[in-house]
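First comes the structure, then the notes that go with it.
Numbering (our numbering), first residue to last: 5 to 368.
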């Protein structure tokens with residue numbers, strides 16, 4: 005960082021820290037590197053070129069660790085918080101914030117969110133907040149398609165946002181990193197469109213929360229021609245009482261009631277919610293690496309617990325969706341290992357009335 009960048013320190017004190025549009029989405033990916041890619045592509049809607057440009061810089065700043073706890077040094081060290089007393093001697097975190105002003109503002113931002121200063125989502129949201137409030141000219145460039153052009157976003161982020169001492173020496177290194185990242189992720193990752201932050205929460209009069217953060221219009225539109233039966237109160241699942249709600253990859257998955265998380269599994273990501281209404285809810289076809297809760301954790305209705313997966317996460321390459329079903333928890337505090345017509349042997353409850361009642365209270 006440029007220690008003499010006084011403007012970049014002082015501009016932050018105008019207005020309150022934390023008043024941004026972030027939604028603290030569940031990050032999707034098997035590694036921090038993949039999660040960062042999907043954050044800028046999906047949550048923020050940037051092009052692959054712009055995302056690679058940012059990440060080429062982050063790779064250099066974080067010494068290739070992609071670790072939000074990294075502290076500048078040779079070798080680097082790690083800390084869950086900005087080292088105290090706060091000084092301008094060493095960088096911290098993904099962007100290696102160095103000046104006293106920017107470090108103090110990271111601390112204030114974390115306090116405003118009640119999150120750790122080393123939280124990955126927090127630091128990504130802080131980068132975005134800085135771009136919006138202190139570096140709008142950089143953000144303007146990043147929001148362009150930059151089709152086939154990695155130099156422009158990489159150098160813009162390097163020169164104005166990061167501003168290291170040796171800018172010219174850093175250009176070829178960071179551009180090389182950006183090219184490698186683009187080659188790795190450029191044709192894949194979560195599709196852009198801000199699914200994790202879009203929409204809202206719908207709650208039925210009985211307190212059941214629709215299991216996706218979305219809107220009525222998005223659900224009615226469906227995905228690739230597949231649409232959940234949003235107007236039917238009777239079961240419309242293929243074999244037994246359940247629901248397949250089609251939504252874009254990355255859409256936040258929510259707890260439908262207060263309860264306890266059990267039986268977290270991977271490949272695809274799935275879990276059981278033992279709810280306080282006497283029901284056991286099973287969620288599956290979520291994105292690998294997207295689950296944000298732990299085994300035995302208490303959750304509240306409307307809390308983000310994961311994200312909708314890809315077609316591959318359905319297990320049979322069908323159109324991406326969230327599967328949810330319901331059993332009486334006095335008989336089942338787990339989800340039986342059945343599928344298709346075999347599930348007819350179990351007392352699955354018709355979940356459609358609860359879904360319809362909460363769906364009607366989603367934003368239009």
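Every residue gets a Cβ at the ideal spot worked out from N, C-alpha and C, and that includes glycine. Being a predicted model, the structure only gives us computed values, none of them experimental.
For residue 171, the enclosing alpha helix (DSSP H) begins and ends at 171 to 189. In this structure, DSSP gives residue 256 an extended state, which the three-state scheme calls strand.
With distances taken between CA atoms, residue 52 lies nearest to 150 out of 150, 284 and 117. Taking the C-beta atoms as reference points, residue 58 is found no nearer than 7 Å to residue 99. Under the three-state reduction of DSSP, residue 345 is assigned to helix. In the DSSP assignment, residue 274 is bridged to 269.
Residue 33 and residue 104 have their C-alpha atoms some 32 Å from each other. The distance from the Cβ of residue 276 to that of residue 339 is about 5 Å, consistent with a contact at the 8 Å cut-off. Note on geometry: alpha-carbon atoms of residue 123 and residue 336 lie some 36 Å from one another. By the neighbour-count criterion, in which 16 or more other beta carbons inside 10 Å mark a residue as buried, residue 42 falls on the buried side. Your pair residue 231 and residue 251 does not check out as a contact, with CB atoms roughly 10 Å apart and the cut at 8 Å. When secondary structure is reduced to three states using DSSP, residue 283 falls in the strand class.
By the neighbour-count criterion, in which a residue is buried when 16 or more other Cβ atoms sit within 10 angstroms of its Cβ, residue 235 is exposed. According to the DSSP assignment, residue 115 belongs to no beta strand (DSSP E) but to the alpha helix (DSSP H) extending over 104 to 117. One Cα belongs to residue 222, the other to residue 350, and the distance between them is close to 32 Å. Under the 8 Å Cβ criterion, the stretch 276 to 288 counts as touching the stretch 258 to 266, having at least three qualifying pairs. A direct Cα-to-Cα measurement between residue 328 and residue 341 gives close to 14 Å.
The C-alpha of residue 214 lies about 39 Å from the C-alpha of residue 157. About 7 Å separates the Cβ atoms of residue 271 and residue 292, confirming a contact at the 8 Å cut-off. Under a 10 Å Cβ-count criterion, residue 169 is classified as exposed, with fewer than 16 other Cβ atoms of the shown protein chains found around its own Cβ. Straight-line measurement puts the Cα of residue 325 at about 37 Å from the Cα of residue 64. The beta carbons of residue 70 and residue 93 sit about 23 Å from each other, so the pair does not count as a contact at 8 Å.
For residue 249, the enclosing beta strand (DSSP E) begins and ends at 247 to 250. Between the C-alpha atoms of residue 80 and residue 355 there is a straight-line separation of about 52 Å. The beta carbon of residue 280 lies closer than 7 Å to those of 261, 262 and 263 in the same chain, with the five residues before and after it left out. A distance below 8 Å between beta-carbons, with the five flanking residues on each side excluded, links residue 186 to the following residues of its chain, in chain order: 52, 53, 56 and 154. Residue burial annotation: residue 127 is buried, with at least 16 other C-beta atoms found within 10 angstroms of its C-beta. Per DSSP, residue 128 is not a residue of any beta strand (DSSP E); the alpha helix (DSSP H) it occupies stretches across 124 to 137. Between the beta-carbon of residue 219 and that of residue 60 there is about 35 Å, and that puts the pair past the 8 Å contact cut.
When DSSP reads this structure, residue 310 sits in a beta bridge with 257.
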